[in-house]
Amino acid sequence: MTVLAERTWFLTVPDVLPRSFNRVGASGSWRVWQTHKKLWERRLVALLGEEGVPVASGAFARTTAILTVPDRRRRDAGNFGVVLEKSLGDALQLAGVIPDDTPEWWSWTSVSFSYERGASATTFVVTLLPDVALRLDPRAPQMDHEERTDG
Numbered sequence: 000m001t002v003l004a005e006r007t008w009f010l011t012v013p014d015v016l017p018r019s020f021n022r023v024g025a026s027g028s029w030r031v032w033q034t035h036k037k038l039w040e041r042r043l044v045a046l047l048g049e050e051g052v053p054v055a056s057g058a059f060a061r062t063t064a065i066l067t068v069p070d071r072r073r074r075d076a077g078n079f080g081v082v083l084e085k086s087l088g089d090a091l092q093l094a095g096v097i098p099d100d101t102p103e104w105w106s107w108t109s110v111s112f113s114y115e116r117g118a119s120a121t122t123f124v125v126t127l128l129p130d131v132a133l134r135l136d137p138r139a140p141q142m143d144h145e146e147r148t149d150g
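Under numbering that gives the first Met the number 0, read the sequence shown as residues 0 to 150, first letter to last.
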């Protein structure tokens with residue numbers, strides 16, 4: 000399916016927040032990190048399919064995440080982003096939404112927080128942009144400077 004216009008999906012995992020990198024990665028345990036990453040990856044592959052995000056579209060995926068948190072405690076976005084970014088990039092590729100989880104095919108901005116008393120949720124925002132990947136792909140034909148000038 001070819002993406003002809005920009006389109007956005009909101010993929011929400013209700014009642015679940017990722018564990019902080021301080022808990023799953025900073026301990027130095029590869030097994031703990033991989034277990035947590037793979038759990039999010041599986042959730043995301045399922046959500047991408049359930050929500051009908053098109054596969055093999057040739058589109059560029061622009062992504063971010065919004066964590067709905069139950070309290071106003073201070074949180075470091077980077078400690079949550081590292082887990083979510085890696086999981087989402089791999090899930091987009093595994094689900095066939097993008098051919099490769101490289102900057103030519105997708106970008107990750109950051110994690111933001113939304114407060115809702117007593118609530119928890121993780122929402123991924125995936126926007127597909129038509130034909131952007133082809134323009135960013137270094138293997139795509141490019142015009143050299145002389146071809147662009149008129150004289």
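Note that the Cβ used here is the ideal one computed from N, Cα and C, for glycine as well.
Under three-state DSSP, which class holds Thr-34?
helix
Alpha-carbon spacing of Leu-91 relative to Ser-119, whole angstroms
24 Å
Could you name the residues of the same chain whose beta carbon sits closer than 6 Å to that of Ile-97, not counting the 5 residues immediately before and after it, in chain order?
Ala-60, Leu-91, Trp-104, Trp-105
Given a cut-off of 8 Å, decide if Thr-121 and Gly-17 are closer than it, judged by their beta-carbon atoms.
According to the sequence provided, residue 17 is Pro. The question's Gly does not apply to it. Yes, the pair counts as a contact, with Cβ atoms nearer than the cut-off.
So Val-124 and Ile-65 are in contact, right, with Cβ under 8 Å, and what is the actual spacing, rounded?
7 Å
If we count Cβ pairs, one from each stretch, closer than 8 Å, do we get three or more for the stretch 33–49 versus the stretch 70–80?
no
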